[in-house]
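Single-structure report; data block below.
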Amino acid sequence: MAEPHADPDSAPKTAKPKRGLRLDKAALADAGLEAVSFAMMAFIALGFSAYSGRREISRALAEAWLAERGIEGLISVESLDASGFAGSIRLGPANDPYFSAKRIEVAYDLTAPWSGGPFAIDTRAVRITSPRLRARYDGTRLTFGKLQPLIDEALKSPGEEKQGGPAVLVEDARVTLDTPGGVARLTGDASLDDGQLLRLDAAVAAMRYATDDLQVELRGAALRARKRGDRLTVDARADVEGLDAEQIDLEEADARLEADVAYPDLKRLAATGPADVKLSIKAQGLRAGETSLADVETRLTLAGLVAGDFKKGGAAARVSGQARAGRLVAPGVEAR
Numbered sequence: 003m004a005e006p007h008a009d010p011d012s013a014p015k016t017a018k019p020k021r022g023l024r025l026d027k028a029a030l031a032d033a034g035l036e037a038v039s040f041a042m043m044a045f046i047a048l049g050f051s052a053y054s055g056r057r058e059i060s061r062a063l064a065e066a067w068l069a070e071r072g073i074e075g076l077i078s079v080e081s082l083d084a085s086g087f088a089g090s091i092r093l094g095p096a097n098d099p100y101f102s103a104k105r106i107e108v109a110y111d112l113t114a115p116w117s118g119g120p121f122a123i124d125t126r127a128v129r130i131t132s133p134r135l136r137a138r139y140d141g142t143r144l145t146f147g148k149l150q151p152l153i154d155e156a157l158k159s160p161g162e163e164k165q166g167g168p169a170v171l172v173e174d175a176r177v178t179l180d181t182p183g184g185v186a187r188l189t190g191d192a193s194l195d196d197g198q199l200l201r202l203d204a205a206v207a208a209m210r211y212a213t214d215d216l217q218v219e220l221r222g223a224a225l226r227a228r229k230r231g232d233r234l235t236v237d238a239r240a241d242v243e244g245l246d247a248e249q250i251d252l253e254e255a256d257a258r259l260e261a262d263v264a265y266p267d268l269k270r271l272a273a274t275g276p277a278d279v280k281l282s283i284k285a286q287g288l289r290a291g292e293t294s295l296a297d298v299e300t301r302l303t304l305a306g307l308v309a310g311d312f313k314k315g316g317a318a319a320r321v322s323g324q325a326r327a328g329r330l331v332a333p334g335v336e337a338r
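Those letters in the sequence shown? Residues 3 to 338, per the working numbering, in order.
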């Protein structure tokens, strides 16, 4: 995990007495970096940090730091030095954790006070393997249970504004999401760099979503996203066994959304640039009010310029669509 560095003991030593002071300072700096090395525990876009000098000390400090915030935690430190950390983490009870990761690897650079500036850490890369996370979405807000105070503290902590961010790789992630209509189980892999999503492959397992206004039987869904230059391509698919809403019913439907849009500014929640979006739906049955259709196939295409934030919206686009059905039944009308 940690990048190799020269061993001061194995390096050739000069016999010139005038350079002895420089060598002592270099050795002292290296030893100091090892003594105050930093263990960072990160998850998806949010995390926390713990300072330590040795593996057992770092584990104890991190667990004590969590306990002060009312979070039970178990941390295993596999390796720790001045350039990286590797280990595993569990937050919450062993039988029902809020978050866990089979392995977390962090590569960073440390700046010591004696180098002329304040102690600082520059995280270069993070790899999270098999993270497991529980979250809740109430229809308006996404929260993380007992981890929420920890996340809120991290978000409001003052820090130096930096351009971009570390490279982040998430592998074999699983999220259990409680929603007003049921429990959704998501899996996926993702990679980010400089604060931007490069790749996302996600899936939603079969589930039943039921509220007073909407009932959905979902066989499964998949999402694939890729960033290429300043563009983002998205391919989303859903296999719906049935959908029952107030004004519409759907039976045995396959839906697909393909989009090629400008990469959004996630801080401002805005995007500006050309957009090409295609939506297609095939269904065995569709009912809207007193009208019913069988063997339905619809296509909708949007091509144009999108500008503005996600809340207010703003678009100048050409929209075209087509639809067909094998059978139409309406009051006083029946056609094939």
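Glycine residues also receive a C-beta, built at the ideal position from the N, C-alpha and C atoms.
Boundaries of the beta strand (DSSP E) around A169: A169 to T181.
Taking a contact as a CB-CB distance under 8 Å, the pair V170 and S193 counts as one, their CB atoms being some 7 Å apart. Closest by C-alpha distance to V108, out of G89, S102 and A122, is G89. Secondary structure at K284: strand, using DSSP grouped into helix, strand and coil.
Among the bridge pairs identified by DSSP, R228 is matched with R201 and T235.
The closest CA to that of A296, considering only A96, L302, G141 and G287, is found on G287. In the pairwise beta carbon analysis, the region 251 to 265 is classified as touching the region 227 to 242: at least three pairs are separated by under 8 Å.
Here R228 has R201 and T235 as same chain residues with Cβ atoms under 7 Å from its own Cβ, once five neighbours each way along the sequence are excluded.
Residue pairing by DSSP places E219 opposite R210 and G244 in a beta bridge.
Judged by their CB atoms, D191 and A175 are nearer to each other than the 9 Å cut-off. When the five nearest sequence neighbours on each side are left out, the beta carbons in the same chain lying within less than 7 Å of the beta carbon of T131 are those of A103, K104, R105, E173 and D174, in order along the chain.
Under the DSSP assignment, K104 falls in the beta strand (DSSP E) whose first and last residues are F101 to T113.
Spatial neighbours of G184 in its own chain (CB-CB distance under 7 Å, excluding positions within 5 residues in sequence) are listed in chain order as M209, R210, Y211 and A212. Per DSSP, the continuous beta strand (DSSP E) segment holding E254 begins and ends at I250 to A264. Nearest C-alpha to E299 among D195, L252 and D124: L252. In this structure, V128 lies near P168, with their beta-carbon atoms less than 9 Å apart. Only residues of its own chain outside the window of five on either side were considered, and among them A264 have a CB closer than 6 Å to the CB of G275, listed in chain order. When secondary structure is reduced to three states using DSSP, I153 falls in the helix class. With contacts defined as CB atoms closer than 9 Å, R226 and A204 qualify as a contacting pair.
If you compare the alpha carbons of Y139, Q324 and I91 with that of P133, the shortest gap goes to I91. Between L68 and G75, the C-beta spacing is below 9 Å.
The shortest CA-to-CA distance from L304 to any of R320, R136, A290 and R289 is the one to R320. K280 and I153 have their C-alpha atoms roughly 37 Å apart.
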